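Each residue of the sequence shown is one higher than the last, beginning at 9 in this note's numbering.
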Amino acid sequence: MVAVHSICIGAADTATALHELAKEMTQLGGSPAFIGVFYGENHDDRQIHAFLRERFPGVPVLGGTTSLGTMSEKGLSGDGSIGLFIVDDPDGEYGVGIVELADDAAGAAERALYLALEQAGCAGELPELIWIYQAPGQEEEVIAGLHRVVGDRCPIIGGSSGDNEMAGRWRQLGPAGPMSRGVVVGALFPSGGVSIAFQCGYEPAGPSGVVTQVAANAACMGSTDARPAPGASHGRVILTIDGEPAAQVYNRWLGGALDHKLTPGANVLVETLTCPLGVDTGKIGGIPQYRLVLSKHVLENGALSTFANVDVGTRVFCMHGDPGRLVERAGKVAAAAAAGLPNGVKSLAGGWISYCFGSRLAAGNQIDKVAAAIGESFGGMPFVGCFSLGEQGPMLSGDTHGNLMISALVFGR
Numbered sequence: 009m010v011a012v013h014s015i016c017i018g019a020a021d022t023a024t025a026l027h028e029l030a031k032e033m034t035q036l037g038g039s040p041a042f043i044g045v046f047y048g049e050n051h052d053d054r055q056i057h058a059f060l061r062e063r064f065p066g067v068p069v070l071g072g073t074t075s076l077g078t079m080s081e082k083g084l085s086g087d088g089s090i091g092l093f094i095v096d097d098p099d100g101e102y103g104v105g106i107v108e109l110a111d112d113a114a115g116a117a118e119r120a121l122y123l124a125l126e127q128a129g130c131a132g133e134l135p136e137l138i139w140i141y142q143a144p145g146q147e148e149e150v151i152a153g154l155h156r157v158v159g160d161r162c163p164i165i166g167g168s169s170g171d172n173e174m175a176g177r178w179r180q181l182g183p184a185g186p187m188s189r190g191v192v193v194g195a196l197f198p199s200g201g202v203s204i205a206f207q208c209g210y211e212p213a214g215p216s217g218v219v220t221q222v223a224a225n226a227a228c229m230g231s232t233d234a235r236p237a238p239g240a241s242h243g244r245v246i247l248t249i250d251g252e253p254a255a256q257v258y259n260r261w262l263g264g265a266l267d268h269k270l271t272p273g274a275n276v277l278v279e280t281l282t283c284p285l286g287v288d289t290g291k292i293g294g295i296p297q298y299r300l301v302l303s304k305h306v307l308e309n310g311a312l313s314t315f316a317n318v319d320v321g322t323r324v325f326c327m328h329g330d331p332g333r334l335v336e337r338a339g340k341v342a343a344a345a346a347a348g349l350p351n352g353v354k355s356l357a358g359g360w361i362s363y364c365f366g367s368r369l370a371a372g373n374q375i376d377k378v379a380a381a382i383g384e385s386f387g388g389m390p391f392v393g394c395f396s397l398g399e400q401g402p403m404l405s406g407d408t409h410g411n412l413m414i415s416a417l418v419f420g421r
């Protein structure tokens, strides 16, 4: 029998928050098999790690920083909160590994998965699910590294650790403690099963075009100069759409909303939050599913830097999302994940949600309704939600990384 517990504490001081967590834990029964922990950037990770290691020695821990708070079935917790997601599962097996990304993100992810399988006591076995939490920037390489081990036989779900201003103050937490440029990988073998959902809350606005030239991420993210690498087929800099400078095409689609931002180095994130680019990944029940790509800067020659890879030859759509739709979709994604369990929400023990920080900003003052929508879809069962700077999950095109997405993971009883 699987049981899930959620605890979210709003104290900004780490020692105070941990003291409150300890009091809440006295009411919990069972013996944790796995712990997820998500917290504000100003908290002391080492204190959190030491607290969990002392109270739950040997229990796998996965988590890291979140942007402007956490949420649970009890509502939205503010900046500085700590959220604990605790899984009691005496018949399941769980393991977590954490490795610095360094210059080989794929290799780091591969090593972290092997560490996780070893901790779970399941070396050489195929997990039911891989759960990842990582530093933003190399998500596609992380997924590629995991595929070296499990191929496409095991779904991957996760988020990119956040901070409050996208200023690089994110961290990740695993068995070896905190890191600032790491990847945490969980190998899950739950006894009650799991179900996941990965969707966005945006729809096509009409305009679209084909990506005709890209540049690789590494050559351009630190500069406003964007030159194509010979033969580049994918990357995080879109040079041209339909043969024209990407920023000019995008600006035309947006009715001139970027007129004042078409100079090299201009940040267009805020202007494009409600109208990102989308990639059609296939249809479910005749309804197209989209992976979203959020733009960051205008570069030299009208190029666009993005937070996710785009392939040459891909048709990109101008998307649109309004606050009400973003709230509604959160509940629908949670409901879709719960429906994937054998008896639907009736067999739900609890869940975890990664809701994009950008979508949180786009939702504005309706963000408090997101937690309520998720809680209603989960029938009041425990959940913890974090606000991430990128999301990962399976789509018809395979495991992928996107922006402004919603990742949902639920555990069956």
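Ideal placement from N, C-alpha and C gives every residue a C-beta, glycine not left out. Bear in mind that the values here come from a model prediction, so they are computed numbers and not experimental data.
Should the segment 110-119 be called in touch with the segment 60-76, which here means at least 3 C-beta pairs below 8 Å?
no
Between which two residues does the alpha helix (DSSP H) harbouring Val245 extend?
No alpha helix (DSSP H) contains Val245, which is instead part of the beta strand (DSSP E) from His242 to Ile249.
I'd like to know whether the C-beta atoms of Glu49 and Asp171 end up nearer to each other than 7 Å.
yes
DSSP beta-bridge partners of Trp360
BP columns for Trp360 point to Val392 and Leu417.
Whose C-alpha, out of Leu70, Pro65, Val219 and Gly66, is nearest the C-alpha of Glu47?
The question names Glu, yet the displayed sequence has Tyr at residue 47. Comparing alpha-carbon positions, the option among Leu70, Pro65, Val219 and Gly66 lying closest to Tyr47 turns out to be Leu70.
Starting from the N-terminal side, write out each stretch of the alpha helix (DSSP H) that is 4 residues or longer and does not extend beyond the segment 328-353.
331-347
The ligand GTP and Asp112: does the residue's C-beta get closer than 6 Å to at least one heavy atom of that ligand?
Absent from the structure shown: the ligand GTP. Ligands present: none.
Considering only the alpha carbon of each residue, which of Leu137, Ala223 and Lys269 lies closest to Ile204?
Leu137
Can you list, in chain order, the residues of its chain with a C-beta nearer than 7 Å to that of Arg177? Leave out the 5 residues immediately preceding and following it.
If you ignore the 5 residues before and after Arg177, its C-beta comes within less than 7 Å of the C-beta of Glu49 and Asp171, all in its own chain and listed in chain order.
Smallest Cα separation from Pro272: which of Ala311, Ile292, Cys364 and Gly293?
Ala311
From what residue to what residue does the beta strand (DSSP E) around Asp171 run?
Careful: Asp171 lies outside any beta strand (DSSP E) and carries neither H nor E.
Residue nearest to Leu307 in terms of C-alpha spacing, selected from Tyr102, Leu270, Asn351 and Phe419:
Leu270
What is the DSSP secondary structure of Tyr258, reduced to helix, strand or coil?
helix
Can you say whether Val218 is buried or exposed, counting buried as having 16 or more other CB atoms within 10 angstroms of its CB?
exposed
Over what stretch of residues does the alpha helix (DSSP H) that includes Leu92 continue unbroken?
Taken as a continuous stretch (DSSP letters only), Leu92 belongs to no alpha helix (DSSP H), being part of the beta strand (DSSP E) at Ile90 to Asp96.
By DSSP, does Asp21 sit in helix, in strand, or in coil?
coil
Which of helix, strand or coil does DSSP assign to Ser85?
strand
Going straight from the alpha carbon of Ser39 to that of Thr314, what length do you get?
43 Å
Could you tell me the boundaries of the beta strand (DSSP E) in which Ile204 lies?
Val202 to Cys208
Burial state of His268 (16 or more Cβ within 10 Å):
Label assigned to His268: exposed.
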